[in-house]
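Chains as they are written, first to last, in our numbering: chain F, 930 to 1331; chain S, 24 to 180.
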C-alpha cells in the first residue's frame, strides 16, 4: 500500500478523531471543573469501605460461633411472643436491612421508620434518637419491646435449647449452656446478634469509584461518572452545605439535628427525638457505662460519659448515613418522604418556621431549580451499589458443632 | 525551663560525676527528666506545645493529647493544656473548656471534663467538634480572683 493510497483513509481517520474529540468536549462541557477545595471535600468522603474493627464492648465481636448464632437468631421468629416476628421481619437483607414501610410493624405498628443496618458497625449511636450507645443493647430492645417482638428470657432459652446447633454455638461463644436463669443470657444473645450484624457492610459505589479515580488522577475512570451526579456532588459539598452534617465516608457525622420534620405522632403524641433518646440511654443498664460493657478500660464509653443534654435536643433525630439510599426508601425518621426527590424538595423549600428557635442556624431553603434537584438526586443515587446486593452468605457452622 | 527541671538536671549531672554512691539519685533524676520530656511541659510554650493563645501575661498552649496535628471532625478527642505566665509555669487553674459554632449558634453535644496535672498542665477530655466549619474554642482560667476567658478560632474540615 502506497502513501497516496492511504491518504483518503488518513483524512477520514483524522476527521473521525476530530469529531470524537469534539464529542468528548461537548459531553464534558456540562461536567463541573472541581476546585481544589471541592476536591479536598470530595476526598474526605472516602476511602470506602472502612476497615472492620472488632467492638471492644462486645467480647464475641468477630467470634465465628457468635456470628453463626447471631445469624440464626436474626432470622428466628420464635423469639417473639406470637412466634411470627423476627429481626429480619423489619430488617430485610434485600432492602438494605430495611422494610420499605413508612413506619415499622412488629407486633403492633410503630411510630418510626426502620433504619437500615448495612455498615452498622461504624455507627456511634443507634436508633433515630440515639437511645443506645452500642449495637448489642440496640439489638436487645426490639426483642423485649412488647410492641415489636415481645420476647423474654425463658422463651429465648427455650429456642436456644431447641436446636443442637444453636445450643452448641452459644456454648462455643460464651463458654456455657443457655440458661433462662442466667442474668447474662439476654445480653449474650444480643451480643451474638450484634456480632453477625457487624459483618454486614456495603460495597463500593459509583461515587467511590469516581472519588478514588480523582485521588489517583485517573481522568478516564472519572469521566465515566455521570455528569448529572457530578453537578449534584458539587451542590452537595458546596452551596447545599449537605456535607456539614453528612460528612465522612459514611456521609454522616453520627450526631443529631433538627431539619424541620414534624415530630407529632397521631393521634395526640409527640416524638421527642434525641431528648427522649438521651433519657432512655442514661437509664439503660445495658449502656456502655454499665456492667455489661466488655471493655474494661471504658474507653468506648466516652460519648455517653460526656453527653450534654440540651433543650434543642427535642425534635432532633440522627443524621442518617446516605449510603444505600436506593435500597432504603422511604426516608426520614417517620418515613414521611417516599422518594429522594421529595427529600431534595424538603431541603429546597425548607420551612424555616418549623426549625427550633434555639436550633441549627445554617439550614436555609436551597431554592434549587428542577435541573439542580435532578442533579442532586443523581448524586444521592450514586451512593448506592450499582448492582443489587447478593443475599448474605450464611456463616459456616463451626467445626465443633457439626 | 521550669525550676524543678533544672534541679533534676543538676542532680543527674552531679550524681553522674560522683560515681556509684549517688547512682540511685541519678537514676531517679534521669527518670524525672525523661518523664518531663515525654509530657513536654515547657514555659514559655514552644511549637511542640501546640497552639498558643495569649491574654495579658497568661499564655495558654493546647494540643491534641493523641499527638495528631489537626483537630478531628466528628470524633472525640482530648487536649493537653499548658498554662504559663511571665514567671514560668502559671499557678492559674483551667476550670472550663468548651467550643461553639458562632454562625450556627450552637456548641458541642458533649460537656468536657478537666483533670489538673502537674506543672501547670491540664487534660481536657470529652471534646467533639461534630460539624465541619468554623469553631471557636474557649478556655476559662481562674488566675487569683480573676476569671480570664481565652478563645481561639479553628476551621474544621
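Where is the CB? At the ideal position from N, CA and C, for every residue including glycine. All values derive from a computational prediction rather than experimental measurement.
Euclidean distance between Cα positions of residue i and residue j
i: residue 1069 of chain F; j: residue 1077 of chain F; result: 11 angstroms
i: residue 1314 of chain F; j: residue 1267 of chain F; result: 20 angstroms
i: residue 1219 of chain F; j: residue 1233 of chain F; result: 11 angstroms
i: residue 143 of chain S; j: residue 163 of chain S; result: 14 angstroms
i: residue 85 of chain S; j: residue 968 of chain F; result: 30 angstroms
i: residue 1227 of chain F; j: residue 1047 of chain F; result: 26 angstroms
i: residue 1129 of chain F; j: residue 1318 of chain F; result: 11 angstroms
i: residue 106 of chain S; j: residue 1269 of chain F; result: 51 angstroms
i: residue 122 of chain S; j: residue 153 of chain S; result: 10 angstroms
i: residue 1306 of chain F; j: residue 1255 of chain F; result: 10 angstroms
i: residue 1320 of chain F; j: residue 1036 of chain F; result: 26 angstroms
i: residue 1172 of chain F; j: residue 1180 of chain F; result: 7 angstroms
i: residue 1153 of chain F; j: residue 1143 of chain F; result: 12 angstroms
i: residue 1023 of chain F; j: residue 1323 of chain F; result: 14 angstroms
i: residue 1015 of chain F; j: residue 156 of chain S; result: 42 angstroms
i: residue 1294 of chain F; j: residue 1191 of chain F; result: 17 angstroms
i: residue 1108 of chain F; j: residue 1114 of chain F; result: 7 angstroms
i: residue 1216 of chain F; j: residue 1205 of chain F; result: 15 angstroms
i: residue 1201 of chain F; j: residue 1245 of chain F; result: 8 angstroms
i: residue 126 of chain S; j: residue 158 of chain S; result: 9 angstroms
Check: residue i C-beta below 8 angstroms from any heavy atom of the ligand MG
i: residue 1217 of chain F; result: This structure lacks the ligand MG, and indeed carries no ligand of any kind.
Contact list for residue i against chain B, beta-carbon separation under 9 angstroms
i: residue 166 of chain S; result: No chain B is present in this structure, whose protein chains are F and S.
9 angstroms Cβ cutoff, residue i in contact with chain F
i: residue 97 of chain S; result: yes
i: residue 135 of chain S; result: yes
i: residue 187 of chain S; result: Lying before the first or after the last residue shown, residue 187 of chain S is absent from chain S, which here runs from 24 to 180.
i: residue 155 of chain S; result: yes
i: residue 126 of chain S; result: yes
i: residue 91 of chain S; result: no
i: residue 129 of chain S; result: yes
i: residue 111 of chain S; result: no
i: residue 148 of chain S; result: yes
i: residue 170 of chain S; result: no
Residue closest to residue i, alpha-carbon to alpha-carbon, out of the options
i: residue 1229 of chain F; options: F/971, F/986, F/961; result: F/986
i: residue 167 of chain S; options: S/116, S/89, S/107, S/125; result: S/116
i: residue 1258 of chain F; options: F/1021, F/1074, F/1015, F/1106; result: F/1021
i: residue 104 of chain S; options: S/79, S/141, S/127; result: S/141
i: residue 1102 of chain F; options: F/1262, F/1231, F/1241, F/997; result: F/997
i: residue 1243 of chain F; options: F/1207, F/1034, F/1126; result: F/1207
i: residue 1008 of chain F; options: F/1090, F/1151, F/1092, F/1079; result: F/1079
i: residue 109 of chain S; options: S/81, S/120, S/127; result: S/81
i: residue 1297 of chain F; options: F/1165, F/1074, F/1019, F/1231; result: F/1165
i: residue 1303 of chain F; options: F/990, F/988, F/1155; result: F/1155
i: residue 1049 of chain F; options: F/1249, F/1275, F/1301; result: F/1249
Simplified DSSP state of residue i, which is helix, strand or coil
i: residue 139 of chain S; result: strand
i: residue 1235 of chain F; result: coil
i: residue 1139 of chain F; result: helix
i: residue 1035 of chain F; result: coil
i: residue 1099 of chain F; result: helix
i: residue 1016 of chain F; result: helix
i: residue 86 of chain S; result: strand
i: residue 107 of chain S; result: strand
i: residue 159 of chain S; result: strand
i: residue 1242 of chain F; result: helix
i: residue 1278 of chain F; result: coil
i: residue 1326 of chain F; result: coil
i: residue 1193 of chain F; result: strand
i: residue 1068 of chain F; result: helix
i: residue 1117 of chain F; result: helix
i: residue 1026 of chain F; result: coil
i: residue 1283 of chain F; result: helix
Closer than 9 angstroms to chain S by CB, residue i
i: residue 1234 of chain F; result: yes
i: residue 915 of chain F; result: Any property of residue 915 of chain F remains undetermined from this structure, which presents chain F solely from 930 to 1331.
i: residue 1173 of chain F; result: yes
i: residue 951 of chain F; result: Bear in mind that a pLDDT of 40 at residue 951 of chain F, under 50, signals an unreliable position, so the model cannot answer this.
i: residue 1300 of chain F; result: no
i: residue 1130 of chain F; result: no
i: residue 1250 of chain F; result: no
i: residue 973 of chain F; result: yes
i: residue 1231 of chain F; result: yes
i: residue 1283 of chain F; result: no
Quick check: the stretch 981–989 of chain F against the stretch 1038–1046 of chain F, are at least 3 beta-carbon pairs closer than 8 angstroms? no
Between the stretch 1119–1130 of chain F and the stretch 1060–1067 of chain F, do three or more beta carbon pairs fall short of 8 angstroms? yes
Does the stretch 990–1005 of chain F come close enough to the stretch 1083–1097 of chain F that 3 or more CB-CB pairs lie under 8 angstroms? yes
Could you say if the stretch 82–97 of chain S and the stretch 130–138 of chain S meet the contact criterion of at least three C-beta pairs nearer than 8 angstroms? no
Is it the case that the stretch 1133–1143 of chain F contacts the stretch 1024–1036 of chain F, given that we only count it when at least three CB pairs across the two stretches are under 8 angstroms? no
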